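Have a look at the structure below, then the notes.
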Amino acid sequence: MHKNQRIIIDTRTYVVDEIFERYKRGMLIFYKKGLTTKNRENKITWEVLKALARGIPFPPVYVSELQTGEMLVLDKSDRLRFLMKYLDYGYDNYEEYLKIQEMGYGSERDFLKDIFYSPIFLHVIDYMNPRYMHMQVGAFVEEWSATQEQSIRNVLYRGAKLQVFEELVSRINDSPKMRLIIQYNFIYFIMVDFVMHREFDDNEYRDADRFQLLEETIYELKYKDYGFLRELCDQFEYLYWRFNRKESREWLPPRMSLEVKMKYLCFMGAWMRVGSNHNMDDIFGNRRIRNIVRDCDMGYQSINRILDDFRRGNL
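Our numbering applies: residue 4 is where the sequence shown begins, and numbers increase by one.
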């Protein structure tokens, strides 16, 4: 692991027109998101347009530079995404034309001239950085949700030969709405299994955080046979559906984020493979266990502390 390696980030100044040209050439990528309402899109779009027309700078945007030269936009606010869509398609009704006039413009051409020449600052995470560093920056700056994190991961690691992983996930639930959530849970589930079975060298990964471990997990998947992954998937699927059954709610907190649910799934799986008693209610009904699972940062040391407790029966 590169313990003391600093992340290379280059701040570049463009005008909107240059960014739009990248967008039209397919060199500016936005990660997949859930559907948004037309009203929300219009509201954000016109907030951006009005600000730029008044000379208010566009907020700096973090992007991940890929080896192909593409830029993956890490911003979750959708400002840049909706601005690009507007510039691509223009306004679609007379009311929007009136908004342009109300801002003091005699024509859309004059209005767009000011928009296209507005400056925009990009913080570019250099492609030479390991991909886990791109994830570290994005997670810190944007405070992603679980599905946003997974959507970004799918783009950054799209050349990592994860077809088998994706095929197994689709067996559990193939709906577009659930796919990202299951992918997010399953990749962490595999990671904890790898830590438990000492797939990672202790000296090299002792200080690794979740994103470093996930990157190595993704690379290691290429060398695992289908039978191994299928068995892990069957265990995960059993726990996933059990976890979501109504009777499991007796010992679960009433409201949990997707991240906390992921931790429970991972350590329920670990307990099944480590513990002699498979009674989940006895183990995860224990307040101490719930607290250490909830507070786990999913880094190497934090995961191992819980696994060591399981192995020793220190519950």
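Glycine residues also receive a C-beta, built at the ideal position from the N, C-alpha and C atoms.
Predicted model only: the values in this text are computed from it and were never measured.
Subject >> Unbroken alpha helix (DSSP H) run spanning D228, endpoints >> reply: Note, D228: premise wrong, no alpha helix (DSSP H); not H, not E.
**OP:** Give the single residue among L310, L75, R156 whose Cα lies nearest to the Cα of Y26.
**Re:** L75
**OP:** Please state whether DSSP places Y17 in a helix, a strand or coil.
**Re:** strand
Subject >> First through last residue of the alpha helix (DSSP H) which encompasses S173 >> reply: 166-175
Original post:
How is F119 classed by DSSP in three states: helix, strand or coil?
Top reply: helix
Original post:
Taking the beta strand (DSSP E) that L69 falls in, what are its first and last residues?
Top reply: L69 -> no beta strand (DSSP E), and no H or E assigned at all.
**OP:** Can you grab the Cα-Cα spacing for the pair V172 / S305, in whole Å?
**Re:** 26 Å
Subject >> Contact belief for A149 with E262 at Cβ below 8 Å, rounded distance in angstroms >> reply: 6 Å
Subject >> Nearest-angstrom Cα separation, counted from I103 out to L232 >> reply: 56 Å
Original post:
Is it the case that the Cβ atoms of D196 and L235 are separated by a distance below 8 Å?
Top reply: yes
**OP:** From the DSSP output, in three-state form, read off H137 for me.
**Re:** helix
Subject >> F192: first and last residue of the uninterrupted alpha helix (DSSP H) it sits in >> reply: 179-199
**OP:** Compute the Euclidean distance between the alpha carbons of D91 and G72, then round it to the nearest angstrom.
**Re:** 21 Å
Original post:
Taking the Cβ atom as the reference point for each residue, do I155 and L77 lie within a distance shorter than 8 Å?
Top reply: yes
Original post:
DSSP state of M283, grouped into three classes?
Top reply: helix
Original post:
Under 8 Å between the Cβ atoms of P62 and R82?
Top reply: yes
Subject >> Exposure label - L101; buried when at least 16 CB within 10 Å >> reply: exposed
Original post:
For the candidate residues M87, R84, A56, whose alpha-carbon lies nearest to that of E111?
Top reply: A56
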